[in-house]
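Residue numbers (this note's numbering): 1 to 249. Data block below; observations after.
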Amino acid sequence: MNTEPGAGHRSTEDERLLHKLGYAQELFRGMGSFQNFAISFTIISILAGCLTSYFIAFNNGGPIAITWGWLIVGGFCIVVAMAMGEIASTYPTAGGLYYWASRLGSPAWGWFTGWFNLIGQIAVTAAIGYGAAIFSTSLLNLLFDYPNSVGWTFVTFSMIMVFSALVNTFGVNVTALLNTISAWWHMAGVLLIVAVLIIVPDDHQSIGFVFGETINNSGFSEANFGDLTFWFVFGIGLLMAQYTITGYD
1 MNTEPGAGHR STEDERLLHK LGYAQELFRG MGSFQNFAIS FTIISILAGC
51 LTSYFIAFNN GGPIAITWGW LIVGGFCIVV AMAMGEIAST YPTAGGLYYW
101 ASRLGSPAWG WFTGWFNLIG QIAVTAAIGY GAAIFSTSLL NLLFDYPNSV
151 GWTFVTFSMI MVFSALVNTF GVNVTALLNT ISAWWHMAGV LLIVAVLIIV
201 PDDHQSIGFV FGETINNSGF SEANFGDLTF WFVFGIGLLM AQYTITGYD
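This is the structure we're talking about:
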């Protein structure tokens with residue numbers, strides 16, 4: 001049961017709004033504000049998303065794609081998140097995106113939204129699991145001479161997927177606890193990495209390098225914006241930030 005101050009009042013208001021929409025509340029609302037934040041923060045997963053896709057931005061644009069990628073993509077994602085927040089407060093249903101699309105558009109839009117969202121969730125789950133498998137096999141190979149082949153990477157990936165499926169069968173309370181731990185782990189991990197990057201190196205790159213240096217290892221066009229095709233390469237580099245900031249709906 002949610003014991004946060006005012007939780008009972010909010011729950012009652014939500015139930016009334018659901019009744020106005022023609023729905024009776026059936027799902028148990030046992031997560032507090034921080035636990036709901038922890039779910040989205042865990043799904044975004046700065047550590048998993050950024051570290052496993054860093055090479056995409058570095059090779060397709062370089063520092064300029066990495067730095068400006070966070071700012072550009074982050075800005076657009078904030079606008080999208082604010083819009084979805086307004087819709088969620090008006091239609092607080094478990095259906096989420098597909099229900100909103102059905103009400104604001106038509107059932108056909110809801111159908112497409114639901115299926116595209118499902119396909120995206122399946123794909124991103126597999127992508128994150130595969131990234132974790134590559135990282136795990138490489139680390140185990142360095143520490144314990146664990147085989148670092150494609151076959152063993154797939155075996156590791158399969159074990160990660162099975163473990164993830166089992167975790168999600170244990171109920172909301174266990175999932176909420178794990179997401180809370182994950183949120184703090186991510187915040188501590190990011191702060192640790194930033195601190196190491198600031199303190200450990202003897203020399204740091206200039207501001208001009210961070211915000212203006214271009215690198216193009218794609219083999220496509222030159223490494224400057226004077227070549228129009230480099231804008232396409234730069235767009236590919238933005239995938240690091242776009243891949244990371246997903247799933248917050």
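Don't be surprised by glycine CBs; every beta carbon is placed ideally from N, CA and C.
Residue i classed as buried or exposed, judged by whether at least 16 other C-beta atoms fall within 10 angstroms
i, result
"P63", "buried"
"Q121", "exposed"
"V233", "buried"
"F154", "exposed"
"G8", "Summary for G8: the model assigns pLDDT 49, below 50, so the residue's position carries little reliability, and this model does not support an answer."
"G61", "buried"
"G129", "buried"
"Q35", "buried"
"M31", "buried"
"W231", "exposed"
"F144", "exposed"
"A108", "exposed"
"A126", "exposed"
"T229", "exposed"
Cα-Cα separation, residue i to residue j
i, j, result
"P5", "I44", "For P5, the predicted model reports a pLDDT of 48, less than 50, meaning its position is unreliable and no value from the coordinates is stated."
"A83", "I245", "16 angstroms"
"L140", "Y146", "5 angstroms"
"F116", "A123", "10 angstroms"
"E222", "L197", "30 angstroms"
"G114", "T90", "19 angstroms"
"L238", "I215", "13 angstroms"
"A195", "G189", "10 angstroms"
"W152", "V167", "23 angstroms"
"A81", "W185", "23 angstroms"
"S218", "G226", "17 angstroms"
"F170", "L178", "11 angstroms"
"F163", "N173", "17 angstroms"
"V210", "D202", "17 angstroms"
Those residues which DSSP pairs with residue i across a bridge
i, result
"I278", "Any property of residue 278 remains undetermined from this structure, which presents the chain solely from 1 to 249."
Reference residue i, options the options, closest by Cα
i, options, result
"G131", "F157, W111, V150", "F157"
"I193", "Q35, K20, I46", "I46"
"T93", "I236, G171, R16, L177", "R16"
"N59", "S206, M240, Y248", "M240"
"G95", "W111, G69, G61", "W111"
"F76", "Q242, G247, D249", "Q242"
"W70", "S53, E86, G85", "S53"
"G49", "F135, G85, R103", "F135"
"I66", "T229, E213, F220", "E213"
"I160", "G74, Q205, G247, A133", "A133"
Contact belief for residue i with residue j at Cβ below 8 angstroms, rounded distance in angstroms
i, j, result
"W100", "I119", "Wrong, their Cβ atoms sit about 18 angstroms apart, outside the cutoff."
"L97", "D249", "6 angstroms"
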